[in-house]
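Note sheet for the following structure.
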Amino acid sequence: MSTWQDLVTAGLIGTERTAVPPAAIPALPTLADAPEDPAAVLLDRAALLTVARRAGRPPEQAEPLPAAEPDPEPAVSPAAGRRLARMLAGEHPDLLTEWLTAAVTRGLRVPAQLLPTLLDRARRVSPADPELRRLAARAGGSRARWLAGLNPDWRFVTAHTVAGNEAWRLGEAGQRRGYLAALRATDPGAARELIAASWDAAGPERVMFLSVLTDNLSLADEPLLEAALDDRAEDVRGWAAYLLASLPGSALGQRMADCARRCLRLERHTQGPRLLVSPPAQPDAAMRRDGITRGPAPGRSQLENRAHILLEVVARTPLSTWTGDFQMTPTQIVAVPSGGWAPVLFAAWSRAAMAQPDSGWMAALIAEALTGRPPGTTAETAALRQLARRADPALGAPGALPDPEPGAPPALYDAIRVLRFRHDMLKELDHDHSAG
Amino acid sequence: MAERWDRARVLARAPDAPSQRAAQALASDRAWSLTGAAEPGALWGECRGSAATPYRTVVDLSGPAYRCSCPSRKFPCKHVLALLLLWTGGSVAAPAEPPDWAASWLTARAARASDTQPREPGEPKNPELAARRAEQREARVATGLAELDRWLCDQMRQGLAASQKSGYGHWDDIAARMVDAQAPGLAERLRSLASVPHSGAGWESRLLEEYALLRLLAVAYRRQAELPPPLRETIRSRIGFSLRQADVLADGQPVRDHWQVLARRDVDQDRIRIRRTWLRGRLTGRYVLVLSFAAAGQSLDDSLTVGTEADADLVFYPGAVPLRALVLTKHDAVDGAPPAGDTIAGLLTGYAAALAEDPWLDAWPAVLDATPARSPVPALADAAGDALPLHPGAGDCWPLFALSGGRPLTVAGEWTPRGLWPLTAWDEGGTVVAL
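So the protein sequences, as listed, match chains Z and W.
First residue of the first sequence: 1, per my numbering; consecutive thereafter.
First residue of the second sequence: 1, per my numbering; consecutive thereafter.
This is the structure:
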C-alpha cells in the first residue's frame, strides 16, 4: 500500500522537514483533519490506515511441504511420551539411551512433537559416540527422516542409512562405524574378519574396531583380542583387556582368576566366614600385559598400590570363580567381612558384575549396600550409581528391595530412585506393547 | 479425600524448572519420615533436609494453600511439591489424624476462610472519600494523556529515524510519567516500544502504528463522553483503569457453556507473570480470555487445562469486544474433543469485525484447520490455499512441524498483526499437544 509507505517515510523524516501525505481509503470518505498540527494529522492518518490495514489484510500464499510417509509403527503411550518429555527436559537424561533402546526393541515410535528436542540432543553428542544418534533415528522412524529433510542440523538421521560398503570404503568415521556395527549385528564373523584384515593399516581406528566387537562378543574373537593386548597404544590394550574380561571362558579371565585366588582367601571360623586379603604391591609383567598397570600416580603409598591391584584383578575375574570356590551365593559372598578391604571388593565386584554382566551379582551388591554396610568411599558410591543404571529394572518394582536403614547416605536413595524410574519407564513401554 | 491430582498438575505449580527437578528428586518416601492425609483435603509430612530438625510441610488442597518450615523463598517450595507428588503417586498414608503442628495451621486456615468469605475484597469504606479519589485520578490521567499526546507529536516532528539511536531511557521516561499519571496500561505499552526499533525490517512501520494507536487512545479518552459505554470501558481498561472483580461479578450476567480450553500462553511483564488462557464456548461459540497473575517465583493458576472442556459460569468484563472473563462457578471438567477449526478467511473476517469495535485489539484467538509450511516464511496454510505467517517471536516452531508431518492439523493460537502465535495442536488421533 503506497499510501502507508508514504506516511512511514514522512514519519521517519519528521513533519518539521516534510509535508504529511494524504491518506485515502477506497470507499471511505476522506478524513476531516481536525487538528492543525501536522504531527497530529500524520498520527491520525496513520491510526486510520493502521486499523484499515489490519482489518483488510489479505491472506498470503505458502509453498506446501511434501507429506511425510506414514509410519507403520505405533507411537508410545501418552504416559511414556510424557516421561520422555521430562527426560528431555533434564530428568535422568542419562537414561535416555535405555528408554530409546526399549522403544526400538518394542517397535514403538517417539511422539512426533518430541522429535525436534530429541534430534537436537542427539546432534550435540560427540559424533565419536554415535549410539544416541542411531537410536534417535531408529525410534524417530519416517517422521525423523522427514524432519531431517527440512533441517540440515538433523542430517545425521539419514546419513546413517548410507548402505553397502560404499560407506566402509569412502565414508567418514561415523559412517564406517555404522557399517561395521550393522555387519557385526547380522554377521559377527564377517565383521571380525573385516577388522582383522584392516587392523594393520588402521591406526587410531583400532579403538573403534574394538568398541564394535562389544556387540555379539564370542570366544572366536579371542585371538584378535589377545593380539591387541600387545598393541602399542594404551587405550587399545585397555579395550582388549576389558573385552576379554567380559568374555566368558577367556584365557585372560582364567589368568585373572589364578591371580585373584592368590589375593583373596576364604577362612571359615566358628563366628562365621572371613575373607583374607593380600594383594601384591606391584604388578608383574604378565599382569601388566593384561592391562593392570601401576596406576597413574607414582607417589602412591604401598597400601594404595595394593588396593589398586586388588581392584583391577577382581574386576577382571569371572564371578563364577567365587561362587564355585566358596560354594556360596553372591548374596552370601558380598556379606562376608573383609575388614578395611571391603570398599575395594565392593567396587571390584560391581565392575565385574556389570562387565560380565551378571544380574544376580548386581542385585546382591545393591541389596548389600541397602541392608549391610552402606557405601562409604567415592569408588563405592560411583559403583552403586552405575549398578542402579545397569541392574535388572525389576529391582525397582514396589517392595522388590528392602528399605535402607534410617540415616542412610543419599547415594542409596539416589540408587533406589533410579531403579524405580527405570522400572516405571519400562513398564509404561511394555504396557503399550501388550495393548498393540 | 479430594480428587487426586495428576503429576502434570503438581509440576505445573512449580515456580520454575529447577524446583520441578528438586521436587522430583525429593519425591521418595525415603526422604520423608512421616506423611499423612486427612479429610477433606489436607496433606502433611516431615522431610529430612540440611537442618537438624526435619522440615514440616502442610498442604490444604482446597486452596490450594501451602506451608513449609524450610527457609526457601520459592513458593511453593520443593518440599510442598514433593509431598504433592508423593500423594499423586499414592504414597501418602490413608486418612489419619494430623499431628499438632499441622492441625493448628489447618484449623487456623479454615477459621480464616469462613471469616473472610462474606466481606467484599476492597469494598470502599468511605464512599465520599472514594469518589473524591476517583475524581483526582481522572484529572491526573487527563493531564498525563495530554502530555503523552504532546510527546507523540514531538516524536513525529523530529522523525522516527532519531528514535533508533535512542536508548531504552527514551521510552522509560515517558512510561514513568504515565505511572505518575496513574495510567499503568499506557506505561506498560510505552515500555514495550523500546525494543521495536531493533526488531528488524519494518520497525519504523510498526513504531508508527503504535504511536498512532496511542494518540487514538489519548483522543478517545478526551472524547469518551461522546462514545458508547462499552467502547468507553475498552478505552479505560487499556489506559489502566481496572475494575474490581466484585463489581464485574455484580454487574455482569453469568454465561454458562461448555468452554473448550483452547490455548494458554504465559508472558512476563515487569516482574509479574501473566497467564493468558483462551476458551471457546461449545454452544455460544464465544471466545474468552481468562487472565491470571502471579508475582515472580509464585505459581500461576492452572485450573483450566488445555484440551479439556469445562462446564462453567463465566462473567465477562464490559467492553466493545468482551473477551476477558472471570470464572464464577466451575461445575465440571471433562476431556474435550479437538475444537472445530476455522478457515483463514474466516479468521480474518472475524478479526476485522472485532477491530471495527475495538481498534486497539492486537491479539485475537485463532483455531484453524491448516498445514504448516516453511516457504517463503514459516506459515500455516489452509485447504483453500490461503496462508498466514507465524509470529517471528514464536521461534522455529519445530514441534508443530514434526507433529504435522506435512499434513493438516487443528492449531489454536493467537493471531496478531505480526503473525500467528501457535500454542496448541491436535494430532491426527485427536491428542492435544501444547506447543
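Don't be surprised by glycine CBs; every beta carbon is placed ideally from N, CA and C.
All values derive from a computational prediction rather than experimental measurement.
Since residue i contacts residue j with CB under 8 Å, what's their CB separation in whole angstroms?
i         : j         : result
Arg-215/W : Ala-47/Z  : 7 Å
Glu-60/Z  : Ala-379/W : 7 Å
Cys-263/Z : Met-287/Z : Not quite, the Cβ-Cβ distance comes to about 11 Å (not below 8 Å), so this is no contact.
Leu-419/Z : Ala-391/Z : 7 Å
Leu-49/Z  : Leu-7/Z   : 6 Å
Ala-370/Z : Pro-404/Z : Going by the sequence as given, residue 370/Z is Leu instead of Ala. Rounded, the Cβ-Cβ distance is 5 Å, consistent with contact.
Ala-39/Z  : Thr-18/Z  : About 11 Å separates the two Cβ atoms, so there is no contact after all.
Ala-348/Z : Leu-311/Z : 5 Å
Ala-352/W : Val-321/W : Contact flag wrong, Cβ pair sits at about 12 Å.
Pull up the distance between the alpha-carbon of residue i and that of residue j, whole angstroms please.
i         : j         : result
Arg-192/Z : Ser-218/Z : 11 Å
Val-212/Z : Ser-250/Z : 18 Å
Asp-290/Z : Lys-78/W  : 49 Å
Asp-16/W  : Gly-169/W : 30 Å
Glu-234/Z : Ala-353/Z : 24 Å
Pro-374/Z : Pro-337/Z : 13 Å
Arg-119/W : Arg-132/W : In this predicted model, Arg-119/W has a pLDDT of only 40, less than 50, meaning its place in the structure is not dependable; the value taken from the coordinates is given anyway. Answer to the nearest angstrom: the Cα atoms are 23 Å apart.
Ala-307/Z : Trp-44/W  : 48 Å
Ser-62/W  : Trp-5/W   : 12 Å
Cys-47/W  : Arg-73/W  : 17 Å
Leu-115/Z : Ala-79/Z  : 16 Å
Trp-360/W : Thr-88/W  : 44 Å
Pro-387/Z : Arg-138/Z : Note on identity: in this sequence residue 387/Z is Leu, with Pro being the wrong assignment. Those two C-alpha atoms are separated by around 27 Å.
Leu-326/W : Thr-308/W : 18 Å
Asp-358/W : Trp-101/W : 54 Å
Gln-260/W : Asp-335/W : 9 Å
Pro-283/Z : Trp-99/Z  : 41 Å
Lys-165/W : Val-196/W : 12 Å
Pro-70/Z  : Leu-300/W : 39 Å
Arg-389/Z : Thr-377/Z : 19 Å
Ser-231/W : Asp-44/Z  : Ser is not the amino acid found at residue 231/W; the sequence shown has Leu there. C-alpha separation (whole angstroms): 19 Å.
Pro-392/W : Cys-70/W  : 42 Å
Ala-394/W : Ser-320/Z : 59 Å
Val-255/W : Ala-295/W : 30 Å
Gly-341/W : Val-367/W : 5 Å
Arg-140/W : Glu-226/W : 20 Å
Ala-162/W : Leu-186/W : 22 Å
Arg-30/W  : Gln-182/W : 53 Å
Trp-398/W : Leu-435/W : 9 Å
Per DSSP, what kind of secondary structure is residue i in: helix, strand or coil?
i         : result
Arg-397/W : In the sequence under discussion, the amino acid at residue 397/W is Cys, which differs from the Arg named in the question. Three-state DSSP puts Cys-397/W in coil, outside helix and strand.
His-170/W : helix
Pro-121/W : Interpretation of Pro-121/W is limited by its pLDDT of 46, a score under 50 that renders its predicted location unreliable; no figure is taken from the coordinates.
Gln-260/W : strand
Glu-267/Z : strand
Ser-303/W : coil
Val-334/Z : helix
Thr-116/W : Caution applies to Thr-116/W, whose pLDDT of 40 falls short of 50 and renders its modelled position unreliable; the value that the coordinates give is listed next. If DSSP states are grouped into helix, strand and coil, Thr-116/W belongs with the helices.
Thr-378/Z : helix
Trp-146/Z : helix
Tyr-287/W : strand
Leu-319/Z : coil
Thr-410/W : strand
Leu-101/W : Sequence check: residue 101/W is Trp here, not Leu. In the structure shown, Trp-101/W sits in a helix (DSSP, three-state: H, G or I).
Note down, in chain order, every chain A residue with its Cβ under 9 Å from the Cβ of residue i.
i         : result
Gly-319/W : Although the question refers to chain A, the structure presented lacks it and instead comprises the protein chains Z and W.
Return the residues of the stretch 93 to 123 of chain Z that lie within a Cβ-Cβ distance of less than 7 Å from chain W, sorted by chain order. For the stretch 93 to 123 of chain Z, the residues whose beta carbon sits under 7 Å from a beta carbon of chain W are, in order, Ala-112, Gln-113, Leu-115, Pro-116.
Taking a cut of 7 Å between CB atoms, which residues from the stretch 132 to 149 of chain Z lie near chain W? The residues in question are Arg-143, Trp-146, Leu-147.
Pull out every residue of the stretch 309 to 343 of chain Z whose Cβ sits closer than 8 Å to any Cβ of chain W, in chain order. Within the stretch 309 to 343 of chain Z, no residue has a Cβ that lies closer than 8 Å to any Cβ of chain W.
Please give the ranges of any beta strand (DSSP E) in the stretch 198 to 282 of chain W, keeping only runs that are unbroken, at least 3 residues long and fully inside the region. Every unbroken stretch of the beta strand (DSSP E) spanning 3 or more residues and falling wholly within the stretch 198 to 282 of chain W is given here in chain order: 255 to 269, 272 to 281.
For the stretch 16 to 69 of chain W, list the alpha helix (DSSP H) runs that are entirely contained and at least 4 residues long, ordered along the chain. Correct list: 17 to 26.
So if I threshold CB-CB distances at 9 Å, which residues from the stretch 374 to 399 of chain Z count as touching chain W? Near chain W, meaning a CB-to-CB distance below 9 Å, no residue of the stretch 374 to 399 of chain Z qualifies.
Output, in sequence order along the chain, the residues in the stretch 134 to 158 of chain W whose CB is closer than 9 Å to any CB in chain Z. Close to chain Z, meaning a Cβ-Cβ distance shorter than 9 Å, are the following residues of the stretch 134 to 158 of chain W: Asp-149, Leu-152, Cys-153, Asp-154, Gln-155, Met-156, Arg-157, Gln-158.
Identify each residue in the stretch 334 to 349 of chain W for which the Cβ-Cβ distance to at least one residue of chain Z is less than 8 Å, and report them in chain order. From the stretch 334 to 349 of chain W, only Ile-344, Ala-345, Leu-348 have a Cβ closer than 8 Å to chain Z.
If contact means a Cβ-Cβ distance below 7 Å, which residues of the stretch 195 to 229 of chain W contact chain Z? Glu-204, Ser-205, Leu-208, Glu-209, Tyr-211, Ala-212, Leu-213, Arg-215, Leu-216: these are the residues of the stretch 195 to 229 of chain W whose beta carbon lies less than 7 Å from some beta carbon of chain Z, given in chain order.
Residues in the stretch 62 to 73 of chain Z with C-beta within 9 Å of chain W's C-beta atoms, listed in sequence order? Listed in chain order, the positions of the stretch 62 to 73 of chain Z with a beta carbon within less than 9 Å of a beta carbon of chain W are Ala-62, Glu-63, Pro-64, Leu-65, Pro-66, Ala-67, Ala-68, Glu-69, Pro-70, Asp-71.
Of all the residues that make up the stretch 1 to 19 of chain Z, which are near chain W by a beta-carbon distance shorter than 9 Å? Listed by position along the chain: Trp-4, Gln-5, Leu-7, Val-8, Thr-9, Ala-10, Gly-11, Leu-12, Ile-13, Gly-14, Thr-15, Glu-16, Arg-17, Thr-18.
Please list the segments of the beta strand (DSSP E) lying wholly inside the stretch 386 to 424 of chain Z, counting only runs of 3 or more residues, in order along the chain. Correct list: empty.
My parser needs the alpha helix (DSSP H) runs of 4 or more residues fully inside the stretch 17 to 104 of chain Z; what are they? Within the stretch 17 to 104 of chain Z, the complete alpha helix (DSSP H) runs of at least 4 residues are 38 to 55, 78 to 88.
Within the stretch 337 to 401 of chain W, note down every full alpha helix (DSSP H) run reaching 4 residues or more, in order along the chain. Runs of alpha helix (DSSP H) with 4 or more residues, each lying fully within the stretch 337 to 401 of chain W, are found at 344 to 357, listed in chain order.
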